[in-house]
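Visitor:
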Amino acid sequence: MQLTNSISEYGLVSKLFHWLTFVALLIQIPMGFYLVDLDYSDYRIFIEDIHVTLGLSIFYLVLFRLLYKFINPTPALPPAIFSGQKIIAKLNHFALYITLLSVTISGTLKKLFNGESLNFLFKIKLKSDFDKADFFYDIHIYSNYTLIALISLHVFAVIIHRVLFKENILKRIT
Ligand code: HEM
Ligand code: HEM
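In the working numbering, the protein residues as written are 903 to 1076.
(1) Please determine if the stretch 976 to 988 and the stretch 928 to 943 are in contact, where contact requires at least 3 C-beta pairs separated by less than 8 Å.
(2) Which residues in the same chain have their Cβ closer than 6 Å to the Cβ of I1026, if we skip the five residues on either side of it in sequence?
(3) Is the closest heavy atom of ligand 1 to the C-beta of F984 under 6 Å?
(4) Could you give the DSSP three-state label for N1016: helix, strand or coil?
(5) Is it buried or exposed, I960, if we count other Cβ atoms within 10 angstroms and call 16 or more buried?
(6) Is any heavy atom of ligand 2 found at a distance shorter than 6 Å from the C-beta of G934?
(7) Specify the secondary structure class of F1024 as computed by DSSP and reduced to three states.
(8) Starting from the C-beta of L1052, find all residues in its chain whose C-beta is less than 7 Å away, skip the five residues before and the five after it, and write them out in chain order.
(9) Tell me whether the beta-carbon of P977 lies closer than 7 Å to the beta-carbon of E1069.
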């Protein structure tokens, strides 16, 4: 298997980025919903610390992924796919990247405007502003639901290709 992408195939690096993000989100999304239902305790602080560290790791992972995308070709979709489908696939991928950035950045800003400092690669602290913290937490929640909808659409497209068009597009990324 080739390491980098070609114009027709995803390479190992892109595949690793894709499935690493998938596994991280598989843990992170349920952990977020679990976290909000916990009463204030040492255990909640422990879970929140894991959520923040994993969330910031996902943020850097997405940044690396986008950087890598700029210096590497994105494989073209199979020629059998009509142009409307290609536009939908590209829009879905673009929206997934934007939503991943908005989930991670809003979570970070919520914590920072709460007056807490974040330490990941470098330390940041902002002056507390609870209205802004609430605003970014709303963005965090809406971005999460958008992300869940986009992932569902993304997986649904793979199933539709398999069932209706008898095409296994999953093998492009595995
Ligand atoms: C957490 C969930 C997921 C996210 C955020 C995600 C995100 C993405 C993104 C952004 C791309 C475009 C890569 C690029 O060219 O830049 C992509 C490609 C792809 N993903 Fe996912 N994905 C997820 C889960 C899945 C799952 C569960 C499947 C399979 C059922 C899947 C199947 C694919 C396939 C087949 C492609 C390649 C599409 C093509 O042929 O161009 N993904 N994914
Ligand atoms: C892709 C990354 C992330 C995902 C998928 C995610 C997901 C979630 C979800 C689903 C919730 C529950 C929302 C609700 O229904 O109320 C949540 C809460 C929370 N998230 Fe995230 N999150 C991510 C990244 C981050 C980051 C980077 C931070 C901070 C640096 C963060 C901080 C928080 C906090 C503090 C809460 C709980 C707030 C509270 O109850 O006071 N999240 N997250």
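Cβ coordinates follow ideal geometry from the N, Cα and C atoms, glycine included.
All values reported here derive from a predicted model rather than from experimental measurement.
Guide: Quick look at the numbers:
(1) no
(2) L1020
(3) No; taking the cut-off as 6 Å, the Cβ of F984 has no heavy atom of ligand 1 nearer than that.
(4) coil
(5) buried
(6) G934 Cβ: within cutoff of ligand 2.
(7) strand
(8) Same-chain partners within the cutoff: N994, A997, L998 and T1001.
(9) no
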